[in-house]
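For the sequence shown, the numbering used here begins at 775 and goes up steadily by one.
Written out below as structure tokens is the structure these notes cover.
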Amino acid sequence: MSTPSVPSPKESLPLETKKNYRWTVVIWLLIGGIINYLDRANLSIAAPEMMKELGLSKTDIGLLGTVFSWSYALMQLPSGWLIDRFGAKKVYSVAVIWWSVATFMTGAVNKMSSFIAARLLLGVGEAPCFPTAAKITSSWFPKKERGLATGFWDSSSKWGPAIAPPILVLLLVSFGWRALFYITGIVGIVFAIFFILFYRNPENSRKLSEEERTYIQADGAGAEQGLQQTRIKWRTLFTYRSVWGMILGFFCTIWIWNIFLVFLPLYLVEVHHISMAQLGIYASIPWIGGICGNIFGGYLTKRMVDRGYCTPINAKRRLIAICAIGAAAVVILIPFVQGIVATLTLLTLALAFISAITGSAWALAGDVAPPALVASVSSIQNFGGYFGGAFSPVVAGLIVDSTGSYLLAFVSGGIIAGCAALCYWFIVKNPIEETRQ
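Spelled out as structure tokens, the structure:
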């Protein structure tokens, strides 16, 4: 299939200077994302001990994952609007404090109803995190670099689960499962204080050189734009074909993602009979594949644009379609292999493919949406993802409880993941034009 030609980066943008302050912004987003995922991954690490102490079932654990995903998904819609209306820094700061308090509360309760309330509040607070990151990226980075920048900060969703098992298992063994929630809650509040004190938008940053400012402004970045600067109404975003393709595609992707996030440790413990001490290492390995998939996927999209193979939007669409097919094949194979080495290999490959999809999907919002609506479009896409993801943990839990096997959960999840290729390749095609009223 032919693709429209694009100008060489050397022709379309000024030469890059030696000062690259914009990349330090990725560090803020990376750290915030890691804390975000530590706070939601605590449940999967604490689940075995919680089940023993409180008499919870796998369905109960799946329900807690579902409650989080439902509240997280529903709050995507207002959070995107709030970010575009009031600014990324204000909304993000409030969100980090909110979800950190909810995390701390989870360690202090005993009843299932209280756990449900805490997970609901966690979902509400965490909802603005990644739409904010997409908004900040669109302000700080030219289009050709957004895939790589997004790959770095979206890898936080894999760094969190990757570093969680060895750190949190150590805390669990030393202090009990409640300490996991107390400590990560406090860490989040400390991070929020530093973010409020030191982060600045590009138009207000004194550390951004004029050369670098000119470089990023040449391709649509350099300042944060809000709803006041667009004629497109928020509600009309649902009338665009590309937006619906992003909703459905992310639905398919996050379905299997949430199964891994909630049940991967339990799968290793129950099917492969590893000890809690081994869990700290083995449960981390697949997420390292996710980190590599995120960053390498973003790098590939940048190289495709740099070499003039395709436009930024088509580079991301191509990568997503290929990786979705790869993810489907690998996930379906997981329950059929024997041995911990083969299982970890397939889990690592699966998360590498899925992570390449999520990183490119978040960056895609900056290509599809006008600058003033990036947070809104990215949050609408994430709504679709976590609306689907809200069902997958409880469905997987019910399947395992009723059949005694993870086979059907993985096979069905792999098929659904493969459908993301159809959505992003055949439905997501054209960006939203600012001329529409």
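Don't be surprised by glycine CBs; every beta carbon is placed ideally from N, CA and C.
Would you decide whether residue i is buried or exposed? Buried here means 16 or more other CB atoms lie within 10 Å of its CB.
i     : result
E900  : buried
I1055 : exposed
W1199 : buried
G1113 : exposed
F1037 : buried
N1204 : exposed
K793  : exposed
A1126 : buried
G1082 : exposed
D1141 : buried
T1075 : buried
A1195 : buried
A1183 : buried
E1208 : exposed
S1179 : exposed
V1111 : exposed
S888  : exposed
T798  : exposed
F860  : exposed
S1049 : exposed
A882  : exposed
S1239 : The chain is shown from 775 up to 1211; residue 1239 falls before or after that span and cannot be answered.
G962  : buried
S843  : buried
G1100 : buried
C1197 : buried
E827  : exposed
If you run the structure through DSSP and keep just helix, strand and coil, what is residue i?
i     : result
F1200 : helix
K981  : coil
M824  : helix
K864  : helix
L830  : coil
G1178 : coil
N794  : coil
E1208 : coil
N1032 : helix
A1139 : helix
R814  : helix
Y1041 : helix
Y846  : helix
N1156 : helix
I742  : As displayed, the chain neither begins before 775 nor continues past 1211, which places residue 742 out of reach and without an answer.
A1194 : helix
S1134 : helix
S786  : Here S786 scores only 44 on pLDDT, less than 50, and its place in the model is too uncertain to base an answer on.
I1048 : coil
Please tell me whether residue i has its Cβ less than 8 Å away from any Cβ of chain C.
i     : result
A1098 : Although the question refers to chain C, the structure presented lacks it and comprises just one protein chain.
Relative to the ligand NAD, is the shortest distance from any of its heavy atoms to the C-beta of residue i smaller than 7 Å?
i     : result
A1149 : By its list of ligands, the structure shown contains no ligand whatsoever, and the ligand NAD lies outside what it can speak to.
**Asked** What are the uninterrupted segments assigned as alpha helix (DSSP H) that are 4 or more residues long and contained completely in the stretch 983–1027, given in chain order?
**Response** Note on the stretch 983–1027: whole alpha helix (DSSP H) runs with a minimum of 4 residues are 984–991, in chain order.
**Prompt:** Which residue spans inside the stretch 1068–1128 form an unbroken beta strand (DSSP E) run of at least 3?
**Reply:** If we require 3 residues or more, the stretch 1068–1128 turns out to have no beta strand (DSSP E) run fully inside it.
**Message:** Quick check for students: name the residue ranges of the alpha helix (DSSP H) that lie wholly in the stretch 878–960, counting only runs of 4 or more.
**Reply:** For the stretch 878–960, whole alpha helix (DSSP H) runs of length 4 or above, ordered along the chain, are 886–900, 903–914, 917–928, 930–949.
**Message:** Could you check whether the stretch 864–874 touches the stretch 823–840, counting it as contact only if at least three pairs of C-beta atoms, one from each stretch, sit closer than 8 Å?
**Reply:** With a cut-off of 8 Å on Cβ pairs, the stretch 864–874 is not in contact with the stretch 823–840, counting fewer than three such pairs.
**Message:** Check whether the stretch 1164–1180 and the stretch 1130–1145 touch, using three or more Cβ-Cβ pairs below 8 Å as the test.
**Reply:** Judged by Cβ distances under 8 Å, the stretch 1164–1180 makes no contact with the stretch 1130–1145, as fewer than three pairs qualify.
**Prompt:** Between the stretch 813–827 and the stretch 944–956, do three or more beta carbon pairs fall short of 8 Å?
**Reply:** Contact between the stretch 813–827 and the stretch 944–956 is present: 3 or more CB-CB pairs across the two stretches fall below 8 Å.
**Message:** Under 8 Å: do the stretch 920–939 and the stretch 1010–1018 share three or more Cβ pairs, one atom per stretch?
**Reply:** Between the stretch 920–939 and the stretch 1010–1018 there are fewer than three inter-stretch CB-CB distances shorter than 8 Å, so the stretches are not counted as touching.
**Message:** I want to know whether the stretch 980–995 touches the stretch 903–922 - three or more CB-CB distances under 8 Å.
**Reply:** Yes: at least three Cβ pairs fall under 8 Å.
**Asked** Quick one: any contact between the stretch 1149–1164 and the stretch 1082–1095, if contact means 3 or more CB pairs under 8 Å?
**Response** Judged by Cβ distances under 8 Å, the stretch 1149–1164 makes no contact with the stretch 1082–1095, as fewer than three pairs qualify.
**Sufficient close CB pairs (3 or more, under 8 Å) joining the stretch 928–935 to the stretch 1056–1068** = With a cut-off of 8 Å, the stretch 1056–1068 and the stretch 928–935 count as touching, because enough Cβ pairs lie within range.
**Prompt:** How about the stretch 886–903 and the stretch 846–857: do they share at least three Cβ pairs that are nearer than 8 Å?
**Reply:** By the Cβ rule, the stretch 886–903 counts as touching the stretch 846–857, because three or more pairs are nearer than 8 Å.
**Prompt:** If we count Cβ pairs, one from each stretch, closer than 8 Å, do we get three or more for the stretch 1064–1073 versus the stretch 919–926?
**Reply:** These segments touch.
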